[in-house]
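Residue numbers (UniProt numbering), protein chains in the order written: chain H, 1 to 399; chain F, 1 to 399. For glycine and all other residues, C-beta sits at the position ideal for the given N, C-alpha and C. The structure under discussion appears below in the form of structure tokens.
There are 2 protein chains.
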Amino acid sequence: MEYSFSKSTSALSSSAVREILKLTQGNQVLSLAGGLPAEDSFPIEEMREAFNRALDHGAKSLQYGLTDGYIPLREWVSSRMKQKHMNVGVENMLITTGSQQAVDLLCRVYLDEGDVVLVENPTYLAAVQLFQFRGIRAIPVDGDAEGMDMEDLARKIAQYRPKMAYVIPTFANPTGKVWSLEKRLGLLKQCRENNILILEDDPYGEIQFDGEAPYRSIFSLDEHPDGSAVVYTSTFSKIVAPGLRTGWAIGDSQVIQMMVKAKQAIDLQSSTIDQFALYELLSRFDLESHIQKIRDSYKERMEWMHELLCRQTSGMKWNKPRGGMFLWVELPEHVHSEKLLAQAVKEGVAFVPGIPFYADQPQTNTMRLNYTLLDREHTELAINRLGKAFAEYSQLVAH
Amino acid sequence: MEYSFSKSTSALSSSAVREILKLTQGNQVLSLAGGLPAEDSFPIEEMREAFNRALDHGAKSLQYGLTDGYIPLREWVSSRMKQKHMNVGVENMLITTGSQQAVDLLCRVYLDEGDVVLVENPTYLAAVQLFQFRGIRAIPVDGDAEGMDMEDLARKIAQYRPKMAYVIPTFANPTGKVWSLEKRLGLLKQCRENNILILEDDPYGEIQFDGEAPYRSIFSLDEHPDGSAVVYTSTFSKIVAPGLRTGWAIGDSQVIQMMVKAKQAIDLQSSTIDQFALYELLSRFDLESHIQKIRDSYKERMEWMHELLCRQTSGMKWNKPRGGMFLWVELPEHVHSEKLLAQAVKEGVAFVPGIPFYADQPQTNTMRLNYTLLDREHTELAINRLGKAFAEYSQLVAH
């Protein structure tokens, strides 16, 4: 049998990074590469109780359910969204297999092959891959620490006639950036004027370090829910646990219902029992305290990594993030971070080079470090190994 | 905001059937429409214990996991597949969100817009919808009680140059049909000769009523795993519970790994905790006895529905299925089953009209009845209501 894959699979071709990171599985390599939450934050005993209570509902907890999701869970999310100035009902909402699936579903119902999506530069690598896999052109818009550059945005809109803009305005992946209110409103205005749908991806918004009022979502700043120029997606992965694979999307009911129909064809629905259990957890859990603990813990880990990086004499530059899970590092210009990774893995530490986060011309001297997974001791060990790899790499390059 | 959906969404437009079936939710309508397993077959207490043991693994049970699935679960499936003459390892296997997702993943990595898939006539309606949603042409091949007509298959291959054939050879949905060994080998031969990949969908194979040796999967009849002309998919939905949304696909490792990459982009992975729990269940559960109980119970329900239908004087025709979950009924020629459904819902019973199961020209006097969900008493009530609706419909048509 001679297999002949679809054209779109060319976007899925193995990356050098993936191959290197595979080497790190199951051995002594310390990983700063993934986007994994700290495991000591998972409410294991509460989840045990929640699954027990879910199964007290009997067979319904194990039967097929609604494609758009378990209604009590959607009501809970709706009520939480309302606290964040997003006035949505269950009909504006769809439960997804992580927020990643929401991106896929919206692409499939809204974009055709060859359509253009504007993205940040850099942006979430899996979104870029997903766009490419669907034959969609991802065009990067320049930006600064406050968000997209509004002039470049206007230029790119005029030049490419995009149908969508994909942004992570709060504690972005990979940069940790937070958009200013002005930039949020600016994006909204230009997108509204040009009939461009905004996909606002917000997995990290709750992980805010500064104790200030939460940043306003772009969705909340627009007319909504019906007629909204924004589809907003988030997830329980970072505030409860990722293994439940439960996220949600909210938006105009017509858009959401189209996503529901697509999901019905694709996988019928996400896990019934996980949705029941999550609802049982949330209905009795002190989520606010739990999130506050995660914030405190991640802030401490971020400060610690920051301190450890400051001790290195490597010429690295970074901005201290105000939230989220990542430190985005710019290395000296001569450093190619994929080559540095190969050296780092030999020393027993891994990270993600910046290259795959760029939709177009990558800046090759960048890397993303995750500070949430490892504890204090292992973070120190990891950064020391990284420093050693960096020194060796510099020496190799010098020769 | 003016929304403009992708071209492919035209395949998702609301169907009359879906609208009628919506009316049946939450009220007194008895449903023979869904493909829902009997709820008294769900091992609720065993699942409770299994989730408890899964959470004994600690944080790993709630963390991100491998895209291709939890290794112990894949090893369990591999060992079960080996009992069924399918000699596969974990690298030939991918855990999916129900077998429905396996169909989507294979379509995405193997087929381009405009490609042709050969299907049975009729075939599983959600597969037809999925093909259309991806812009793939589903071409029906004629068949009889034993499987596809080999001459029509040859004709359609010559005419349409298909890249894939999608079949449910054992207790098909909707017809309940079982393919003969000869037809299985015939399909395999023609597909091998023409480099056509076969997608063998087998959700119902375990639900066999006659106590004979299990029917051989087409996958098991081919050279395998590597180089196989077949990708085989099945699910725990019908032998444990559908709410866990856990299925699997097996095939050539190159094909499977491409599906893994696609899944990584689409939703990263299916629920970690559900896979842990399912493995914990299966490692201590007497699955054979459990499946035997399901077989006995479904056989009894099928026989009962058969008997009830025989009492009706409606001119309906059907074959008694040898397994699976559905009775496929041919009504007298003058009956349009969508119109009959409207009448039936008024009487308090629902079914799925045959029309959406046809990729092309539908036979409008057909319907699919599910016999697994309702108990004895409700099945009787449902068939009586159906008989009444039929009588009223006939009278309306006569006038």
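Only residues of its own chain outside the window of five on either side were considered, and among them none has a CB closer than 7 Å to the CB of residue 292 of chain F. With respect to the 7 Å criterion, residue 235 of chain F and residue 247 of chain F are classified as neighbours on the basis of their beta carbons. Taking one beta carbon from each stretch, the segment 157–164 of chain F and the segment 118–138 of chain F have 3 or more pairs nearer than 8 Å; the two touch.
Ranking H:63, H:70 and H:42 by CA distance to the CA of residue 60 of chain F puts H:42 first. When C-beta distances to chain F are compared with 7 Å, the residues of the segment 236–247 of chain H below that value are 241, 242, 243, 244 and 245, in chain order. Where residue 201 of chain H is concerned, the enclosing beta strand (DSSP E) starts and stops at 197–201. Counting C-beta atoms within 10 angstroms of its own C-beta, residue 224 of chain H has 16 or more neighbours from the protein chains shown and is therefore classed as buried. With a beta-carbon spacing of about 5 Å, residue 218 of chain H and residue 230 of chain H fall inside the 8 Å limit used to define contacts. Contacts with chain H (Cβ-Cβ distance below 7 Å) from the segment 312–323 of chain F involve no residue at all. By the 16-neighbour rule on beta-carbons within 10 angstroms, residue 338 of chain F is buried. Of all residues in the segment 56–71 of chain F, the ones placed with a Cβ closer than 7 Å to any Cβ belonging to chain H are 58, 59, 61, 62, 63, 64 and 65, in chain order. When Cβ-Cβ separations below 7 Å define contact, residue 194 of chain H makes no contact with chain F.
Non-local C-beta neighbours of residue 267 of chain H in its own chain, meaning closer than 8 Å and more than five positions away in sequence, comprise 97, ordered along the chain. Cβ neighbours of residue 107 of chain F within its own chain (closer than 6 Å, five residues either side excluded): 134.
As the crow flies, the alpha-carbon of residue 371 of chain F is around 12 Å from that of residue 176 of chain F. For residue 8 of chain H, the residues of chain F that pass the 9 Å Cβ criterion are 108, 109, 112 and 262, in the order they occur in the chain. Nearest to residue 361 of chain H by C-alpha distance, out of H:4, H:190 and H:141, is H:141.
Residue 341 of chain F has no beta-bridge partner at all, per DSSP. Per the coordinates, the alpha-carbon of residue 195 of chain F lies some 42 Å from the alpha-carbon of residue 122 of chain H.
Residue 213 of chain H has its alpha-carbon roughly 51 Å from the corresponding atom of residue 373 of chain F. Close to chain H, meaning a Cβ-Cβ distance shorter than 8 Å, is no residue of the segment 369–390 of chain F at all.
When only Cα atoms are considered, residue 28 of chain F and residue 63 of chain H end up about 19 Å apart. Annotation: residue 202 of chain F to residue 388 of chain H spans about 54 Å, alpha carbon to alpha carbon.
Of all residues in the segment 222–233 of chain F, only 227, 228 and 229 place a beta-carbon less than 8 Å from a beta-carbon of chain H.
For residue 52 of chain F, the neighbours in chain H by C-beta distance under 7 Å run, in chain order, 48. Contact annotation: the segment 338–348 of chain H does not touch the segment 176–191 of chain H, with fewer than three C-beta pairs closer than 8 Å. Under the 7 Å criterion on CB atoms, residue 97 of chain F is classed as interfacial with respect to chain H. Assignment of beta-bridge partners to residue 350 of chain F by DSSP yields F:31.
No Cβ of chain F is located within less than 7 Å of the beta carbon of residue 281 of chain H. C-alpha of residue 284 of chain F to C-alpha of residue 47 of chain F: approximately 11 Å in a straight line. Out of H:222, H:368 and H:6, the CA that lies nearest to the CA of residue 349 of chain H is found in H:368. Per DSSP, the unbroken beta strand (DSSP E) holding residue 166 of chain H starts and ends at 164–167.
In summary, the residues of the segment 251–275 of chain H whose CB is separated from some CB of chain F by less than 8 Å are 252, 254, 255, 258, 261, 262, 264, 265, 266, 267, 268, 269, 270, 271, 272, 273 and 274, in the order they occur in the chain. Identification of chain F residues near residue 1 of chain H by a Cβ-Cβ cut-off of 8 Å yields 192, 195, 197, 227, 228, 229 and 252, ordered along the chain. Per DSSP, reduced to three states, the secondary structure at residue 145 of chain F is coil, with no helix or strand assignment.
Going by DSSP, residue 79 of chain H is part of the alpha helix (DSSP H) stretching over 71–83.
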